[in-house]
Amino acid sequence: MARQTAVEVGVLLTVATAALWDGGRLILLERRSQPQALEAGGYEILLASLLACLAVLFWRRERLRPGVDWKAEHGLRKVLVGFTTLAGCVAAMPYLGYLLSTAVLFVAYLRMFSSYRWLSILAITVVASVGSAWLWAAVDLLLPQGIFLPWP
Amino acid sequence: MEQLLGGILSALTPQNLAYAFGGCLIGTLVGVLPGLGPVSAVAILFPFTTYLPPTGLVIALASIYYGAMYGGSTTSILVNVPGEVASVVTCLDGYQMTRQGRPGPALAIAAIASFMAGIVGAVLITFLGPSVARLALTFGPAEYLGLGLFSLTAIAGLSGRSLLRGAIVAVVGMLLVLVGLDESSSVPRLTFGKATLLQGFDIVPVMIGLFGVAEMLRLLQEKSAELAVDKLGKLMPSWRELRVGLAAGARGTAIAFPLGLLPGMLPSVTTFLAYSFERQRSKYPEKFGTGVIEGVAAPEAANNAAAMANLVPLLALGVPTGPTMALILAALTVYGLIPGPLLFIQHAQFVWTVIGSFFVANVILLVLNLPLVGLWARLATIPTPIMAPAVLVFCLVGAFSIRNSMFDVWVCVIFGAVGWAATKAGWPLAPMVLAYVLGPMIERSARQVAEISMTLLLVRPLFWVFIGMSAMAIWFTRRLWMEVGEKQL
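Shown next, in the form of structure tokens:
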């Protein structure tokens, strides 16, 4: 079976199993205290069963179909680096605040994906992060401040 | 007709005019950026429109949508980079006209054909909307269950080549919307004891992730666009080209508007069908792809006509036909304006003002965009390393602003990765979004039917009409994808 199909079917069956378990929990445990839990759980089990059946059907149809050759995918490394950088900035945002984490994101992307000089990178970063922070402050949009700067 | 005139007059108030103008301008600006189409533009900009009053919000969102469609056409014609899948067909002849030194007439006919289709579509909405709404007043839980099942079936089939993949994604969407508290019994579902999951996933961060963040990740894999010409030259087409283009646009409108009423009908399907029809009926089909005016006018008109048609099921039945309509539905629900038959009765002025604004927005787009086409062309070539972080920051801020919660930002980021991987692996995203929106309606109707009696389904003929339409949708989509697969562009 193509590896990609195996992963896809595995994910779908995991989701279906989780939903089946949760639906069973509602029906067996919650319905005494909450009668409508029977309907809520039953609907969940219905959807989970449907998903499981569709996943099995999908496996039967596509198990011999070759998946995407991820290693040959052009620019995959850029996507992984870009996503990891984005996730890192989001993780740091509650501590660095919007202004600093936006600046870090711009510096990282411009440094990794362009051939601009440091002066250009810093100029674009300052304009983008300070300009956008000013814009959000002007429209009274609340954003994480972090622990270093009191603005925006 | 009096209500329509009243709606147009209401849309011409300075405030509503400003919302329409701003929406068209910002929508075109975002739509011109490579990788961002109408759906991405609406998803990313939606959180910022929630500060507007209800009428302004819908006017702004619809204007952003139409503006982004036009922006996508501009990049298709000038830099051979479609702003969305539906604009791929426009690249074929539009870019060739640019290479021949005639980008101006290509852009002008795209704008004029879109304008014509938009006006015709708005007129048809005027008559169809109230009629469909009157029919929907007779709907009960059985009919809504049938309508929901038909919508999901059509979406699953029309959104991609595989009905099975569409169905799987739709069911996943329906499960995702269960996360949180059940609205009837308030029992937590799929939270696994996590307090943060009790609030569920808001549709806006999910959509920003799927259509905004995912697109920027995809863009990292591609080179920045370059302009094929330095100057745009003469803007207007000749009289002959205008006549031929408008006729092609009229045919594209006639094909696309009925199809746009169907849930899940991909804009790319309507544009392809319109283009294919023009080529088949032409005396010189071999010239298509070399820069013929019909090859630009027909798909552009079809795109706009289908977009207008999408509003009929949304306003009259409360059924969104695509991700953008799903967002507009979510926006209206926040204000307590539940799209459906009662909207035409209880909030008639709101509905007619919104319909009137479509006429106004189409005029604004025509007047606004042609003089600014040089600016849009420059924007289309913004380097990816600058554009990607800027758009990503917009996405993060938009996701955070919904509930001032970092949880929503993480939802946005994670769904961005999911959206990128799913698209690469050939999974459609539209069924998930629409199932997310329709899921609560389907569950509510199913539980009401189960409470009353399952035999209720036997005595409600409209339910079986919708089931029959579901079967026809499956047959139609199989035929459609067979034909699409046989024909070569």
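Line by line, the protein sequences are chains L and X.
For the first sequence, my numbering begins at 260 and goes up steadily by one.
For the second sequence, my numbering begins at 3 and goes up steadily by one.
The C-beta atom is built at its ideal place from N, Cα and C for all residues, glycine as well.
**Prompt:** What is the DSSP secondary structure of G254 (chain X), counted as helix, strand or coil?
**Reply:** Helix, per DSSP.
**Asked** Does any CB atom of chain L fall closer than 7 Å to the CB of M434 (chain X)?
**Response** With 7 Å as the cut-off, M434 (chain X) does not count as an interface residue toward chain L.
**Asked** the ligand GDP heavy atoms versus the CB of L219 (chain X): any closer than 6 Å?
**Response** With respect to small molecules bound, the structure shown includes none, and the ligand GDP cannot be examined in it.
**Message:** Between which residues of its own chain and Y53 (chain X) is the CB-CB distance below 7 Å, once the five residues before and five after are set aside?
**Reply:** Residues of the same chain with a CB within less than 7 Å of the CB of Y53 (chain X), apart from the 5 flanking positions on each side, do not exist.
**Asked** Residues of chain X with a CB under 7 Å from the CB of S391 (chain L): which are they?
**Response** Chain X residues near S391 (chain L): V395.
**Request:** Just confirm the distance between the C-beta atoms of L306 (chain L) and I170 (chain X), as a whole number of angstroms; I'd bet it's less than 8 Å.
**Result:** In fact, because the Cβ distance is near 12 Å, the residues do not count as touching under 8 Å.
**Message:** If the criterion is Cβ atoms closer than 7 Å, does the pair G182 (chain X) and L200 (chain X) meet it?
**Reply:** A contact, by the Cβ cut-off of 7 Å.
**Asked** Between E86 (chain X) and G25 (chain X), is the Cβ-Cβ spacing less than 7 Å?
**Response** One thing to note: E86 (chain X) has its Cβ no nearer than 7 Å to the Cβ of G25 (chain X).
**Request:** Mind checking who P190 (chain X) pairs with in its DSSP beta bridge?
**Result:** P190 (chain X) pairs with X:L183.
**Prompt:** Do you know how far the Cα of E4 (chain X) is from the Cα of L222 (chain X)?
**Reply:** The alpha-carbon atoms of L222 (chain X) and E4 (chain X) are separated by roughly 51 Å.
**Message:** Could you compute how far the alpha carbon of A144 (chain X) sits from the alpha carbon of W466 (chain X)?
**Reply:** Cα to Cα, the separation comes out at about 9 Å.
**Request:** May I ask you to verify whether the segment 124-132 of chain X touches the segment 272-279 of chain X, counting CB pairs closer than 8 Å and requiring at least 3?
**Result:** In short, these stretches do not touch, since the Cβ pair count stays below three.
**Asked** So does the segment 144-159 of chain X actually touch the segment 453-472 of chain X, counting three or more Cβ pairs closer than 8 Å?
**Response** Judged by pairs of C-beta atoms under 8 Å, the segment 144-159 of chain X touches the segment 453-472 of chain X, as three or more such pairs exist.
**Asked** What residues of chain X sit near Q395 (chain L), judged by a beta carbon separation below 8 Å?
**Response** Correcting the residue type first, residue 395 (chain L) is Trp in the shown sequence and not Gln. Those within 8 Å of W395 (chain L) in chain X are V399.
**Asked** What residues of chain X sit near Y354 (chain L), judged by a beta carbon separation below 8 Å?
**Response** For the C-beta of Y354 (chain L), not a single chain X residue is nearer than 8 Å; the gap to the nearest is close to 11 Å.
**Asked** What in chain X is Cβ-close to A258 (chain L), meaning under 8 Å?
**Response** In the structure as shown, chain L begins at 260 and stops at 411. Residue 258 (chain L) is therefore absent and cannot be evaluated.
**Message:** Tell me which residues of the segment 71-82 of chain X have at least one Cβ-Cβ distance to chain L shorter than 9 Å, keeping chain order.
**Reply:** Residues: none.
**Request:** Give me the Cα-Cα distance between V298 (chain X) and S116 (chain X), rounded to the nearest whole angstrom.
**Result:** About 10 Å.
**Message:** Using the Cβ count rule (16 or more neighbours within 10 Å means buried), how would you classify A276 (chain X)?
**Reply:** The Cβ neighbour count for A276 (chain X), taken over all protein chains shown within 10 Å, is at least 16; the residue is labelled buried.
**Request:** Less than 8 Å between the CB atoms is what I'm expecting for T326 (chain X) and Y67 (chain X), so what's the real figure, rounded?
**Result:** Y67 (chain X) and T326 (chain X) do touch by the CB rule: their CB atoms are close to 5 Å apart, below 8 Å.
**Item:** Three-state secondary structure assigned by DSSP to D95 (chain X)
**Value:** It is helical.
**Asked** Can you list the alpha helix (DSSP H) stretches of 4 or more residues lying completely in the segment 318-398 of chain X, in chain order?
**Response** For the segment 318-398 of chain X, whole alpha helix (DSSP H) runs of length 4 or above, ordered along the chain, are 325-336, 343-348, 350-371, 375-381.
**Prompt:** So is A475 (chain X) buried or exposed if we call it buried at 16+ other beta carbons inside 10 Å?
**Reply:** Result: buried.
**Asked** Nearest chain X C-beta to A228 (chain L) closer than 7 Å, yes or no?
**Response** As shown, chain L starts at 260 and ends at 411. That puts residue 228 (chain L) outside it, with no answer to give.
**Item:** Candidates L:R376, L:G334, L:V386: closest to E224 (chain X) by CA position
**Value:** Here the closest residue by C-alpha is L:G334.
**Message:** Using a Cβ-Cβ cutoff of 7 Å, what residues of the segment 158-186 of chain X are near chain L? List them in chain order.
**Reply:** Those residues of the segment 158-186 of chain X that come within reach of chain L (Cβ to Cβ, closer than 7 Å) are L166, A169, I170, V173, V174, M176, L177, L180, D184, S186.
**Asked** Does T479 (chain X) have its Cβ less than 7 Å from a Cβ in chain L?
**Response** Judged by the 7 Å Cβ criterion, T479 (chain X) is not in contact with chain L.
**Asked** Of all the CB atoms in chain X, is at least one closer than 7 Å to the CB of G283 (chain L)?
**Response** When Cβ-Cβ separations below 7 Å define contact, G283 (chain L) makes no contact with chain X.
**Proximity below 7 Å, CB of L109 (chain X) to CB of I79 (chain X)** = In this structure, I79 (chain X) lies closer than 7 Å to L109 (chain X) by Cβ.
**A367 (chain L) and S187 (chain X) closer than 7 Å at C-beta** = No.
**Prompt:** alpha helix (DSSP H) containing T306 (chain X): first to last residue?
**Reply:** Looking at the sequence provided, one finds Asn at residue 306 (chain X) rather than Thr. It spans 296-311 - the alpha helix (DSSP H) in which N306 (chain X) sits, taken as one unbroken run.
**Prompt:** By the 10 Å Cβ neighbour count, where 16 or more other Cβ atoms means buried, how is L268 (chain L) classified, buried or exposed?
**Reply:** Here residue 268 (chain L) turns out to be Val, not Leu, going by the sequence shown. When all chains shown are included, V268 (chain L) counts as buried.
**Item:** Residue range of the alpha helix (DSSP H) that includes S164 (chain X)
**Value:** Annotation: S164 (chain X) is outside any alpha helix (DSSP H) and is labelled neither H nor E by DSSP.
**Prompt:** At what residue ranges does the segment 407-434 of chain X contain a whole run of the alpha helix (DSSP H), taking only runs of 4 or more?
**Reply:** For the segment 407-434 of chain X, whole alpha helix (DSSP H) runs of length 4 or above, ordered along the chain, are 408-426.
**Message:** Taking its Cβ as the centre, do 16 or more other Cβ atoms sit within 10 Å of R253 (chain X), making it buried, or is it exposed?
**Reply:** Residue burial is scored here from C-beta neighbours: R253 (chain X) has at least 16 other C-beta atoms within 10 angstroms and is therefore classed as buried.
**Asked** According to DSSP, is T52 (chain X) helix, strand or coil?
**Response** Coil at T52 (chain X), not helix or strand.
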